[in-house]
Amino acid sequence: MIKEFNLRILLDILNLSRSTYYYHLKRLAQKDKDSDLKETIQDIYTEHKGRYGYRRVHLELKNRGLHVNHKKVQRLMTELGLKARIRAKRRYNSYKGEVGKKADNLIKRQFKATQPLQKCYTDVTEFSIPASDQKLYLSPVLDGYNSDIIAYNLSVSSSDVGLQKPDLALFRYALDQAGVLARDAVYIGDRVDNDIIPAKTLGMTAIRIHQGLAASSPNDRLYPSDVHISKLRDLLEYF
């Protein structure tokens, strides 16, 4: 009697009906039908160091022969307090500081070309490999005439596409596409490591734009340019 009286007071305080109370009491007495599934989800989450969200956990369950609706996986992970640990994305940047002087901006945002191979552009993009700490680095060459990718290089090391940018293989391919031999081509650049070394390695004529007091390096002697100019208008003497 006292117990029943205390329960009535408690239900009144909580503004809870008697039927609702006994419904939840019955559910607490029942075994959790998803206990095994929750344990598997917890194991997957732990195995992958908390990097898996519900989509990847759902895929892993499927790989293990457990076909569960993705919404249910999401709900169970929420009940378990499991949330993917998202690392802050670090934008790839190959910039290593100012070395020498930059050439004038000839393109001036006029990226479209009037003929093939008149203006070609290249850059390096970093991609993360899912469930891995490894990175991929893509370096394509885009033709400004029709936006076609005329060559590309894919590497697991940024040094493969960064220290020798522009990449030798890319420009060999570009020369092949243009039907021009390296010895008949001229490369114009303002940086020894990034421009002159690849050009000289391929056997191209190299013209270096040397503005002001650019920082020197041992490569200046190992890979001397064929022509040094200080102003872009000096190119008119050679073309």
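For the sequence shown, the UniProt record's numbering begins at 1 and goes up steadily by one.
We put the beta carbon where it would ideally sit given N, CA and C, even for glycine.
Around the Cβ of residue i, are there at least 16 other Cβ atoms within 10 angstroms (buried) or fewer (exposed)?
i    : result
Y187 : buried
I207 : buried
V161 : The pLDDT assigned to V161 is 45, lower than 50, so where the model puts this residue is not dependable, and the model offers no usable value.
K200 : buried
H58  : buried
For residue i, which three-state DSSP category applies?
i    : result
D34  : coil
K135 : strand
F171 : helix
V57  : helix
A178 : helix
S19  : helix
Are the Cβ atoms of residue i and residue j separated by less than 8 Å?
i    : j    : result
R144 : K108 : Contrary to the premise, residue 144 reads as Gly rather than Arg in this sequence. Contact: no.
P198 : L168 : yes
K38  : L76  : yes
A151 : Y121 : no
T78  : L61  : no
L142 : I149 : yes
G189 : I196 : yes
L28  : Y21  : no
S51  : R85  : The displayed chain sequence assigns Arg, not Ser, to residue 51. Contact flag set, yes.
For the beta strand (DSSP E) that residue i lies in, which residues bound it at each end?
i    : result
N146 : Here N146 belongs to no beta strand (DSSP E), and DSSP marks it neither H nor E.
T122 : 120-122
In terms of residues, what are the limits of the alpha helix (DSSP H) holding residue i?
i    : result
A199 : 197-202
H70  : 70-80
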